[in-house]
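There are 2 protein chains.
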Amino acid sequence: MTTTTNNSFARPHLADCLPELAAFARGEQKATLVIKGGTLVSVTSGELLPNTSVAVVGTRIAYVGPFVQDMVGDETKVIDATGKYIAPGLLDGHCHIESSLLSVTEFANGVLPLGTTGGFFDPHEISNVLGLPGLRLMLDEARQTPLAAYLQVASCVPATNSEFETSGAEFGPEEVAEALSWGPDMIALGEVMNFPGVVFGDPKMIGEIQATLRAGKIVDGHYTWPSDDPRLSAYAAAGVSGCHESITKEDAAARVRLGMYAKLRRGSAWHDVEATIKAHTEMGLDSRRMVLVSDDRICSSLKEEGHMNFIVRHAIQQGVKPVTAFQMATLNTAERFGVARDVGSVTPGTIADIILLDGHLADVNVSMTIACGQVVAENGQMTTKLESFQYPDYAVNSVKIESKLTPASFEVKAPIDNGFVKTRVAEVIENNVETKEVFVDLPVKDGNLVITPESGYCKMAVFERHGRTGGSAIGVAGNVGFDRPAAIAMTVAHDSHNVLVIGNDDAVMAKAANAVIDMQGGIAVATADDMTTLPLRLAGLMSTEPYETVVRQSQDISQALVDAGCTMNYAFMTLSLIALVVIPTLHISDTGLIRVSETGFERVPLFV
Amino acid sequence: MTTTTNNSFARPHLADCLPELAAFARGEQKATLVIKGGTLVSVTSGELLPNTSVAVVGTRIAYVGPFVQDMVGDETKVIDATGKYIAPGLLDGHCHIESSLLSVTEFANGVLPLGTTGGFFDPHEISNVLGLPGLRLMLDEARQTPLAAYLQVASCVPATNSEFETSGAEFGPEEVAEALSWGPDMIALGEVMNFPGVVFGDPKMIGEIQATLRAGKIVDGHYTWPSDDPRLSAYAAAGVSGCHESITKEDAAARVRLGMYAKLRRGSAWHDVEATIKAHTEMGLDSRRMVLVSDDRICSSLKEEGHMNFIVRHAIQQGVKPVTAFQMATLNTAERFGVARDVGSVTPGTIADIILLDGHLADVNVSMTIACGQVVAENGQMTTKLESFQYPDYAVNSVKIESKLTPASFEVKAPIDNGFVKTRVAEVIENNVETKEVFVDLPVKDGNLVITPESGYCKMAVFERHGRTGGSAIGVAGNVGFDRPAAIAMTVAHDSHNVLVIGNDDAVMAKAANAVIDMQGGIAVATADDMTTLPLRLAGLMSTEPYETVVRQSQDISQALVDAGCTMNYAFMTLSLIALVVIPTLHISDTGLIRVSETGFERVPLFV
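So the protein sequences, as listed, match chains V and X. Using the working numbering, the first residue of the first sequence is number 18, and each one after it goes up by one. Using the working numbering, the first residue of the second sequence is number 18, and each one after it goes up by one.
What follows is the structure, encoded as structure tokens:
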């Protein structure tokens with residue numbers, strides 16, 4: 018992908034490998050790695066081919082077939098694959114690494130043993146915090162890992178605009194063009210969530226898509242209107258050629274019929290494959306334009322369930338032929354992004370990203386991962402220690418709030434002195450990104466709104482943390498579940514990632530918020546006596562700690578939430594979306610309460 | 018494909034179409050063309066979708082679905098597709114237009130009514146005669162037609178080198194890089210026939226492939242060693258990702274398993290689909306990497322059998338599911354060359370290259386052709402008159418032989434004065450590009466070799482015609498079939514296309530040769546009293562006359578050959594290959610007799 022990095026997992030261009038491959042063909046050079054005698058999962062032909070061996074020279078596959086004996090020299094690493102399957106390394110067709118809470122390096126440490134050797138990553142979150150430098154940082158770190166990491170430039174930074182929220186950066190067509198010029202591993206424009214803007218020709222969205230198409234790159238989508246709406250055609254006509262927002266088989270079928278790639282998602286909280294895969298298993302559509310993706314998987318999901326190995330297995334369990342399910346996470350994915358020359362199959366000339374599997378193929382039991390021609394993981398463990406990445410100061414000091422918060426920071430002045438006031442409340446919904454807007458009469462004392470643990474409601478507050486406005490806003494949330502004085506504070510607060518605090522006690526809220534500010538980013542769950550933290554030092558989004566540590570801390574946060582009465586599935590993920598103002602119905606940003614209606618966004622008052 | 022041409026069939030980049038498409042989505046603009054209510058051959062989903070309509074805005078498809086009524090305005094052309102199939106225009110995945118004997122414009126006139134709307138053309142022949150200017154000429158002419166014409170830069174110009182033959186030009190890595198910089202419609206490096214050079218690292222071939230890969234383009238192949246030879250892996254590893262030389266199902270399967278596209282060929286004389294398609298119909302391989310191609314079809318074959326419509330029908334008759342056969346001539350082809358964003362499916366955003374079909378889909382009965390959003394043919398006839406192309410002088414005056422040939426030009430001095438001399442003879446084989454080398458005792462009189470009509474042998478002579486050496490050579494051919502004094506002369510003489518003359522009477526040979534020289538290129542079949550000619554003014558390879566005229570003239574040439582006793586199938590094509598010195602066993606160039614052995618090429622004497 019790039020010839021500029023200087024590390025042991027660099028992926029030189031095929032053109033640069035030809036002299037070495039020719040020397041091998043002439044017999045002047047032996048293979049560096051040989052895998053002997055397994056059953057090849059041939060994704061190009063859709064077959065399982067027994068007694069197949071693979072010879073690798075450097076980073077690339079030089080030979081696939083039965084005759085490897087003469088290719089083995091004294092220095093050749095030989096792997097016996099008898100009784101095993103040989104398959105291409107798995108690719109994630111759409112993923113936000115930030116959602117794992119892991120750095121790119123630790124994400125690699127987490128997923129490589131699971132058989133993932135590459136992916137198409139949209140660093141949408143860090144881009145909203147750190148802008149192009151943040152995106153570049155992710156690219157530089159990714160290039161240092163064994164992963165075939167292709168990055169996208171986020172299309173919606175910020176998700177709305179500075180009238181409705183304050184992000185750390187703004188992207189337009191120029192930023193898109195610049196980012197896409199960084200190398201062939203800058204592959205696409207990230208999911209274009211502003212689909213109304215695309216359909217109706219918003220100049221910024223059209224400009225970003227034009228910049229992408231002119232650079233010869235891919236435009237990825239995110240479309241949630243009904244799939245039988247003619248505007249899906251308009252969205253596809255604008256050059257958006259893939260979308261991961263299908264939730265029914267009809268959604269997936271509509272996309273494929275319109276020439277898009279339907280990305281079938283199984284995230285931590287969004288379980289769409291079961292329904293969407295029926296476009297193939299029940300409706301019989303050709304599977305070549307179906308791609309399995311994770312979108313958002315928190316590190317504990319990676320640990321407890323798996324990554325693409327889990328999703329491929331899950332697809333097979335829905336009735337997909339195993340080799341077809343592998344195509345959906347290898348060849349289809351590579352073809353969708355135009356990089357099948359390099360990844361997505363075990364064929365000559367591609368980069369040697371290969372996995373070995375034990376037992377039944379349908380179990381997707383990965384026992385060895387080879388990336389870039391090197392064995393990097395075996396039996397679920399990394400066998401290679403990855404170099405650690407050095408982050409610049411600005412990336413680990415991104416929470417720009419100078420003074421401590423106090424209980425007074427969370428006071429809400431009411432329009433009356435004492436009594437009850439009709440208040441606009443955002444009720445969270447388990448397993449759903451949307452909220453419900455309800456109106457509740459809440460008590461006021463001495464001119465201040467009163468929220469107590471007994472009320473069942475929480476305050477929700479957002480403090481701008483990018484050093485731009487210093488603004489803040491407070492609203493009220495329902496259905497959070499806290500049954501004692503408690504609060505959660507976090508710098509993961511989609512998509513502008515300001516400091517979000519949700520709690521039912523001003524002092525506990527201040528304590529949690531200050532903990533997060535002191536850590537320079539992260540998550541803190543506080544009660545009167547306890548405090549559980551997960552530091553996310555990198556842009557306030559990702560940990561700089563090892564994979565196993567972050568998994569443990571993430572599990573601790575979940576437990577602390579449960580202990581405080583918040584028992585929602587993936588509660589942290591759902592709560593972090595309470596600041597995602599582009600989603601119906603009522604959310605909060607640093608500029609106030611934002612409501613999404615048929616006519617667009619509007620800022621609305623807390624008291625009616 | 019290009020925004021620089023200024024004609025009515027220009028194909029603007031999708032990015033440039035977005036404002037217009039958005040205006041349509043907003044309802045501010047009506048469709049320019051609407052196709053109502055047919056059954057869509059959906060190649061992306063592998064389905065037939067009834068009651069589907071298509072709306073076109075300018076050159077691009079804006080909508081596919083059931084709701085077109087509101088998209089029709091006063092200016093909209095509406096086509097009723099009730100009872101018809103709507104399919105993507107057919108693509109030829111590998112084709113030498115020169116083999117049709119037609120100019121690009123007349124090729125378009127010939128194939129558009131048959132449903133072909135685009136192709137991947139390798140102007141290998143004109144490149145050998147006119148070099149880069151010839152290739153550029155083909156590109157410029159192609160851009161003026163309604164075809165989605167993607168051109169390749171030939172990899173083997175000349176097929177050998179100046180030691181063995183004199184071509185009109187020589188290409189190396191620099192010429193390849195230059196040609197590929199001309200635009201996105203310069204798509205690939207043409208069939209790399211020098212596969213030994215690729216496998217073993219010949220610097221020129223490696224350099225050409227590197228230039229192509231670095232330009233982000235495709236490398237096309239031509240590999241004829243056995244497909245179970247490990248060197249096919251080496252060829253694939255070098256980045257050659259497609260090949261049309263499969264002649265058995267195992268050949269096709271081997272290519273697909275190694276990640277190549279297997280191009281299944283049905284040319285005028287090479288009938289490979291029947292055998293190679295069994296890789297899908299009998300062996301069960303996934304068809305996504307199988308592509309139907311014509312390679313070489315003479316204009317009379319286009320007229321009598323058809324083009325891609327014939328080949329798709331033929332594939333269906335071998336047992337391929339109709340929608341799968343359509344994929345093999347549309348989507349698979351477009352994906353193979355990375356242009357599925359623009360062609361190969363009827364989906365929003367692609368260019369409106371669409372065909373309508375009547376009756377049974379399996380009959381591939383094309384009744385209308387739409388290219389670039391315009392109806393160009395109906396019921397087998399062009400409905401649009403294509404602009405004629407103006408050729409520069411050098412392109413129509415390429416036969417640089419100053420003085421008339423005489424019977425003496427064909428005299429062969431023998432090493433004896435009178436008697437018999439052991440002579441090396443190239444026997445042509447019907448339906449085969451190879452020749453057989455045999456040794457025959459032939460009479461000598463007064464120091465000259467004597468060939469008479471009664472002998473059953475012919476002289477074969479090549480006169481350099483590119484104005485470079487003025488050289489010539491004479492040999493002896495067997496099995497031509499002439500049963501009276503007769504000769505054929507032609508400037509189509511693969512691959513250097515010097516003047517080739519085959520005959521059994523020196524005077525008749527001179528007459529035929531002079532006719533070709535006088536015409537500035539073409540084919541002449543002469544007997545003592547008769548002369549039949551087919552002028553090929555453009556580089557000595559293609560006619561500048563209309564399609565129907567060239568078909569008639571080509572049929573006349575075939576008939577003249579039959580009348581003179583030469584009854585081989587496609588005799589003219591087989592004879593024109595007698596100068597193709599890269600093919601086993603014995604062929605002739607302007608430098609002499611060239612023999613292909615296990616160790617390579619060698620020049621060999623006529624008399625042993």
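Note that beta-carbon positions come from the ideal geometry of N, C-alpha and C, so glycine has one too.
- Taking 8 Å as the cut-off, the Cβ atoms of methionine 585(X) and glutamate 447(X) count as close.
- Burial of isoleucine 333(X) is indicated by the presence of at least 16 other C-beta atoms within 10 angstroms of its C-beta.
- The C-beta of valine 621(V) comes no closer than 8 Å to any C-beta of chain X.
- Contact of arginine 153(V) with chain X by beta-carbon distance below 9 Å is absent, the smallest such distance being about 22 Å.
- In this structure, the straight-line span from the alpha carbon of alanine 196(V) to that of leucine 149(V) is close to 7 Å.
- Beta-bridge partners assigned by DSSP to histidine 604(V): Ile611(V).
- DSSP places methionine 585(X) outside any alpha helix (DSSP H), giving it a letter other than H or E.
- In the DSSP secondary-structure assignment, lysine 453(V) is bridged to Glu444(V).
- In the structure shown, histidine 111(V) falls within a strand segment according to DSSP collapsed to helix, strand and coil.
- At a C-beta separation below 7 Å, glutamine 227(X) has these neighbours in chain V: Ala32, Leu35.
- Close to chain X, meaning a Cβ-Cβ distance shorter than 7 Å, are the following residues of the stretch 54-73 of chain V: Ser59, Thr61, Ser62, Gly63, Glu64, Leu66.
- Apart from the 5 residues on each side of it in sequence, valine 85(X) sits with its Cβ closer than 8 Å to the Cβ of Ala48, Val51, Lys53, Ser70, Val71, Ala72 in its chain, given in chain order.
- With a 10 Å radius around the Cβ and a threshold of 16 neighbouring Cβ atoms, alanine 369(V) comes out buried.
- Per DSSP, threonine 69(X) is one residue of the beta strand (DSSP E) stretching across 64-74.
- In the DSSP assignment, valine 310(V) falls within the unbroken beta strand (DSSP E) covering 307-310.
- Separation of threonine 134(V) and glutamate 322(V) (C-alpha to C-alpha, rounded to the nearest whole angstrom) is 17 Å.
- Between alanine 254(V) and chain X, the shortest Cβ-Cβ separation is below 8 Å.
- The beta carbons of alanine 346(X) and leucine 309(X) sit closer together than 8 Å.
- Non-local C-beta neighbours of tyrosine 587(V) in its own chain, meaning closer than 6 Å and more than five positions away in sequence, comprise Ser285, Ala286, ordered along the chain.
- Leucine 281(V) carries a strand assignment under DSSP once its states are collapsed to helix, strand and coil.
- Checking the DSSP bridge columns, you'll see threonine 549(X) partnered with Val542(X).
- Looking at the backbone, the Cα of threonine 341(V) and that of arginine 305(V) are separated by about 9 Å.
- When only Cα atoms are considered, glutamine 570(X) and leucine 168(X) end up about 27 Å apart.
- A straight-line Cα-Cα distance of about 11 Å links alanine 27(X) and glycine 390(X).
- Judged by DSSP in its simplified three-state form, proline 105(X) adopts strand.
- For glutamate 395(V), the beta-bridge partners assigned by DSSP are Met385(V), Gln398(V).
- Between the C-alpha atoms of leucine 249(V) and tyrosine 240(X) there is a straight-line separation of about 44 Å.
- Taking a beta-carbon distance threshold of 8 Å, valine 81(V) counts as an interface residue toward chain X.
- DSSP places threonine 229(X) in the uninterrupted alpha helix (DSSP H) bounded by 220-231.
- Judged by their CB atoms, proline 424(X) and aspartate 523(X) are nearer to each other than the 8 Å cut-off.
- Residue range 141-161 is occupied by the alpha helix (DSSP H) that includes alanine 159(V), with no beta strand (DSSP E) assigned at that position.
- For glutamate 352(V), the nearest CB of chain X lies under 8 Å from its own CB, placing it at the interface with that chain.
- DSSP lists Val73(V), Lys94(V) as the beta-bridge partner residues of leucine 50(V).
- The beta-carbon separation of histidine 324(X) and leucine 131(X), rounded to 5 Å, stays under the 8 Å limit for a contact.
- The C-beta of arginine 28(X) comes no closer than 8 Å to any C-beta of chain V.
- Going by beta carbons, isoleucine 294(V) and leucine 281(V) fall inside the 8 Å limit.
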